[in-house]
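If you read the sequences in order, they're chains A and B. Counting in my numbering, the first sequence runs from 1 upward without gaps. Counting in my numbering, the second sequence runs from 1001 upward without gaps.
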Amino acid sequence: NAGVTQTPKFRILKIGQSMTLQCTQDMNHNYMYWYRQDPGMGLKLIYYSVGAGITDKGEVPNGYNVSRSTTEDFPLRLELAAPSQTSVYFCASRPDQGVDEKLFFGSGTQLSVL
Amino acid sequence: AQKVTQVQTEISVVEKEDVTLDCVYETRDTTYYLFWYKQPPSGELVFLIRRNSFDEQNEISGRYSWNFQKSTSSFNFTITASQVVDSAVYFCALVEYNFNKFYFGSGTKLNVKP
Chain A
1 NAGVTQTPKF RILKIGQSMT LQCTQDMNHN YMYWYRQDPG MGLKLIYYSV GAGITDKGEV
61 PNGYNVSRST TEDFPLRLEL AAPSQTSVYF CASRPDQGVD EKLFFGSGTQ LSVL
Chain B
1001 AQKVTQVQTE ISVVEKEDVT LDCVYETRDT TYYLFWYKQP PSGELVFLIR RNSFDEQNEI
1061 SGRYSWNFQK STSSFNFTIT ASQVVDSAVY FCALVEYNFN KFYFGSGTKL NVKP
């Protein structure tokens, strides 16, 4: 089972560049999440989705956009990258409530904005 | 307001010592779930335990045990006879009744020295 797959694993951006972090899961989970983890810190929720076509902001959405056109994919778009967006980004998914209430995480994308 | 607080940012112990990681949470909901995740140096997030708000029984799994006390809003994690492989960052997390957002603490870095 692939689980939650994130690409790329590492990326260096210049200030002002844009990129998309890819996330796909093969567990047919409706709920998907994007978190960022700054060095030595905890996880902050950027955006989440409760199903295809539905997204909502988390704690730190500024500078990011998401879309959810399919159940499997939940890409995170960075527009006009800034040094403050240097972080490790984790995508996660979970099944519906009552099935298995835990998050399944991808392996992370380490992003540096220079 | 901080929903999950892990006051210990870093703990160092010598192998075979017992160690307790503290987690205090804040919620107005009567239905919620608490989690512990482990993040080893390799960076992935590993699920350890889930506990719902109606189950205050303590749980033991090998060298790991968890103490859930609603009266003090705490969900502490104890490692007995610690090992070097336990060295990691440990995160406590809360999800409330609507079950959409997971809130993570800032993590406790555990260093187990031989």
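Where is the CB? At the ideal position from N, CA and C, for every residue including glycine.
Output yes or no for whether 8 Å exceeds the beta carbon distance between residue i and residue j.
i	j	result
A/T70	A/A82	no
A/D96	A/T24	no
B/S1094	B/V1004	Correcting the residue identity first, residue 1094 of chain B is Leu in this sequence and not Ser. Result yes, Cβ atoms of B/L1094 and B/V1004 sit closer than 8 Å.
B/E1059	B/S1065	yes
A/Y89	A/L103	no
A/C91	A/M32	yes
A/S133	A/R68	Because chain A spans 1 through 114 in this model, residue 133 of chain A falls outside it and cannot be assessed.
B/C1023	B/F1075	yes
B/F1104	A/L43	yes
B/R1151	B/Y1033	As shown, chain B starts at 1001 and ends at 1114. That puts residue 1151 of chain B outside it, with no answer to give.
A/P75	A/Q22	yes
A/S84	A/H29	no
Please classify residue i as buried or exposed, where buried requires at least 16 other C-beta atoms within 10 Å of its C-beta.
i	result
B/Q1083	exposed
A/I46	buried
A/R36	buried
B/A1081	exposed
B/D1086	buried
B/Q1006	buried
A/I12	exposed
A/Y16	Tyr is not the amino acid found at residue 16 of chain A; the sequence shown has Gly there. Exposed, because fewer than 16 other Cβ atoms sit within 10 Å of the Cβ of A/G16.
B/G1062	exposed
A/S87	buried
B/V1014	exposed
A/E79	exposed
Since residue i and residue j are thought to touch, with beta carbons under 8 Å apart, how far apart are those beta carbons, to the nearest angstrom?
i	j	result
B/K1068	B/W1036	Residue 1068 of chain B is actually Phe in this sequence, not Lys. About 11 Å separates the two Cβ atoms, so there is no contact after all.
B/Y1090	B/L1021	5 Å
A/G108	B/G1043	6 Å
B/T1108	B/I1049	With 8 Å as the limit, B/T1108 and B/I1049 do not qualify as a contact, their Cβ atoms being about 15 Å apart.
A/G3	A/M27	7 Å
Starting from residue i, trace the beta strand (DSSP E) in both directions and tell me its first and last residue.
i	result
A/I15	Where A/I15 is concerned, there is no enclosing beta strand (DSSP E), given that its DSSP letter is neither H nor E.
A/A92	S87 to R94
B/F1077	S1074 to I1079
B/Y1033	Y1033 to Q1039
A/M41	Looking at the DSSP string, A/M41 is not in any beta strand (DSSP E), and its letter there is neither H nor E.
B/F1047	V1046 to N1052
B/K1109	T1108 to K1113
B/C1092	A1088 to V1095
A/F74	No beta strand (DSSP E) holds A/F74; DSSP gives it neither H nor E.
B/S1012	E1010 to V1014
A/N65	Y64 to V66
B/V1019	V1019 to L1021
Check your understanding: For the segment 33-65 of chain A, which residues have a beta carbon sitting closer than 9 Å to at least one beta carbon of chain B?
Key -> So the close ones are Y33, Y35, Q37, G40, M41, G42, L43, K44, L45, Y48, V50, D56, G58 and E59.
**Study point:** Cβ-based contacts, 7 Å cut-off: residues of the segment 1045-1058 of chain B near chain A
**Key:** Taking 7 Å as the upper bound on Cβ-Cβ separation, chain A lies near residues L1045, F1047 and R1050 of the segment 1045-1058 of chain B.
Practice item. May I ask you to list, following chain order, the residues of the segment 91-114 of chain A that have a beta carbon less than 7 Å from some beta carbon of chain B? Key: Within the segment 91-114 of chain A, the residues whose Cβ lies closer than 7 Å to some Cβ of chain B are Q97, E101, K102, L103, F105, S107 and G108, listed in chain order.
Review point. Which of the residues in the segment 1023-1043 of chain B, read from start to end, lie with their CB under 9 Å from any CB of chain A?
Key: Listed in chain order, the positions of the segment 1023-1043 of chain B with a beta carbon within less than 9 Å of a beta carbon of chain A are Y1033, F1035, Y1037, Q1039, S1042 and G1043.
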